[in-house]
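Chemist: What follows is a single structure, and I will ask about it in a moment.
See the structure below:
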């Protein structure tokens with residue numbers, strides 16, 4: 014099994030050194046992993062900032078940790094990744110960073126919309142205050158489209174992250190209601206060769222992995238070339254949470270392969286059918302999609 018999205022203690026919001034996450038991978042029978050720490054760092058006041066020299070030095074150190082992990086855990090294939098938060102003013106710095114640092118895999122994500130963090134923190138509800146569901150979701154998918162237009166990454170992470178707290182304000186959402194905003198983003202991803210991720214952190218809110226099944230089906234039908242899988246965990250204890258649900262969702266949405274990356278290019282695949290057998294062995298009565 015694979016996990017191509019997790020954070021260690023070199024993310025501002027991560028816990029424990031990479032070696033402990035590797036131990037958790039071995040214990041969970043996960044054999045292909047990629048650490049994807051956040052590029053930006055969190056300030057004491059909760060704001061996020063980008064500083065090229067800080068990022069370069071930190072990710073050079075992460076790269077060394079990855080090399081050590083490969084030596085100490087020969088049963089694992091450990092890849093070196095990063096998660097980039099889309100903000101227009103940061104893209105040139107990120108392009109410079111990914112040109113200079115030899116990452117295997119780069120995720121692109123949107124957490125901040127109109128200056129509000131829609132994914133967590135003390136102000137997580139402020140974005141939704143005074144907005145209708147259509148206004149909030151529409152604005153988020155517009156920002157996602159702008160990120161894809163930039164395209165300085167390999168795979169779009171947690172495509173409908175807006176649902177994490179949006180469902181608490183508006184109830185469950187139907188992706189079909191926003192297909193006119195989602196479909197152009199997906200088609201642009203396909204045209205640019207960008208992949209989509211199943212991110213299993215969604216099982217803890219809104220209760221299913223990101224993205225919704227319909228989005229995965231539309232992405233496959235539109236020719237989005239790859240699907241990856243990650244838990245977006247921030248501690249070893251949560252390393253494998255939701256992987257079963259993620260595999261079952263991939264199968265239900267008709268995808269045949271999960272893709273692995275090396276040196277910024279697809280390097281191998283895991284058949285969803287085989288991953289489904291792994292998931293079935295680990296299935297418990299509470300696992301569902």
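Residue numbers (the numbering used here): 14 to 302. Even glycine gets a Cβ: it sits at the ideal position worked out from N, Cα and C.
In chain order, what residues of the same chain lie with their CB nearer than 7 Å to the CB of residue 292, ignoring the 5 residues before and after it?
Modeler: Hits under 7 Å: 257, 260 and 261.
Chemist: Whose C-alpha, out of 169, 173, 128 and 138, is nearest the C-alpha of residue 150?
Modeler: That would be 173, whose Cα lies nearest to the Cα of residue 150.
Chemist: Would you decide whether residue 221 is buried or exposed? Buried here means 16 or more other CB atoms lie within 10 Å of its CB.
Modeler: So residue 221 ends up on the buried side.
Chemist: Touch check for the region 129-146 and the region 181-199: three-plus C-beta pairs under 8 Å?
Modeler: As far as the Cβ criterion goes, the region 129-146 touches the region 181-199, which means the pair count is three or higher.
Chemist: To the nearest angstrom, report how far apart residue 189 and residue 197 are at their CA atoms.
Modeler: Roughly 13 Å separates the two Cα atoms.
Chemist: Secondary structure at residue 52, three-state DSSP: helix, strand or coil?
Modeler: It is coil, neither helix nor strand.
Chemist: Could you say if the region 243-255 and the region 281-290 meet the contact criterion of at least three C-beta pairs nearer than 8 Å?
Modeler: In short, these stretches do not touch, since the Cβ pair count stays below three.
Chemist: Taking the alpha-carbon of residue 199 as reference, which of 213, 219, 187 and 224 has the nearest alpha-carbon?
Modeler: The option with the nearest alpha carbon to residue 199 is 224.
Chemist: Contact check, residue 175 vs residue 231 under 8 Å by CB: the rounded distance?
Modeler: Not quite, the Cβ-Cβ distance comes to about 17 Å (not below 8 Å), so this is no contact.
Chemist: Measuring alpha carbon to alpha carbon, tell me which of 119, 233 and 236 ends up nearest residue 273.
Modeler: Comparing Cα-Cα distances from residue 273 to each of 119, 233 and 236, the minimum goes to 119.
Chemist: Does the pairing of the region 17-28 with the region 49-63 give three or more beta-carbon distances under 8 Å?
Modeler: The region 17-28 vs the region 49-63: in contact.
Chemist: Quick check on the burial criterion: 16 or more other C-beta atoms within 10 angstroms. Buried or exposed for residue 66?
Modeler: With fewer than 16 other Cβ atoms within 10 Å, it is exposed.
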